[in-house]
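The sequence shown: position 150 = 164 (my numbering), numbered continuously.
For glycine and all other residues, C-beta sits at the position ideal for the given N, C-alpha and C.
Predicted, not measured: the structure shown is a model, and the values here were computed from it.
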Amino acid sequence: MAVGTLTHLNFTGNARPALEFYRSVFGGHLVIMEHGARLEGPADGRDTGHVPMAADDPDADRVAFGMVVAENGFRIAAYDVLGTTGTHPAGGIAAPPGPAAPRARGVTHTEPFFVLLNGDSLDELTPLWHGLSQGGTVVADLGPAPFAPAYGMVTDRFGVTWVFGLTQGG
């Protein structure tokens, strides 16, 4: 039996621009379904369980499910939590927007989660780093660290913190 995980981010109204941004950084295919979208049922006639909202509902155009899938193996999913507004992931987990002083390496972080992004080489990671850093806050510059051949941490413009590293032997 194989078990896999997929990072699923919960946003407060900006899942669409976040997913579009991640697609611009990682490439790949973007799929977005809105809360107000009507779904065709499966060929066997089973109910999908999805009940679309009325078109005039304020949440109808928000993301019910979105996903970016890239050829390099990158996958991320996201949606908008109904009835919420704001500029960061749901739950207020991100730091406030705006410039912040970079934190020193080795500092204990208070974010409730990170998205760990490993690559086979620094050449592979660097363009992704630059992409996610646009409009974000660098927590730790991407480069050699005492504990890893490469390490970096950035909180992107949507409040998601990404930790960069090299795969074993990279």
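Exercise for review: Grab me the residues of W143's own chain with a C-beta within less than 8 Å of its C-beta, minus the 5 sequence neighbours each way, in chain order.
Suggested key: L156, G166, V168, F178
Check your understanding: Buried or exposed: S135, going by 16 or more other Cβ atoms within 10 Å of its Cβ?
Key -> exposed
Review point. Can you tell me whether DSSP reads Y165 as helix, strand or coil?
Key: strand
Exercise for review: Measure the C-alpha to C-alpha separation of N24 and V153 and round it to an integer number of angstroms.
Suggested key: 22 Å
Review point. Which first and last residues belong to the alpha helix (DSSP H) in which H144 is found?
Key: 136 to 147
Exercise for review: Could you name the residues that DSSP lists as bridge partners for N86?
Suggested key: For N86, which the question treats as bridged, DSSP gives no partner whatsoever.
Check your understanding: By Cβ distance below 6 Å, which residues in the same chain neighbour H22 in space, the five residues on each side in sequence not counted?
Key -> A91
Check your understanding: Considering only the beta carbon of each residue, do G133 and T175 sit closer than 8 Å?
Key -> no
Practice item. Can you grab the Cα-Cα spacing for the pair L146 / F172, in whole Å? Key: 10 Å
Point to revise | Continuous beta strand (DSSP E) stretch holding P158: start and end | key: 151 to 159
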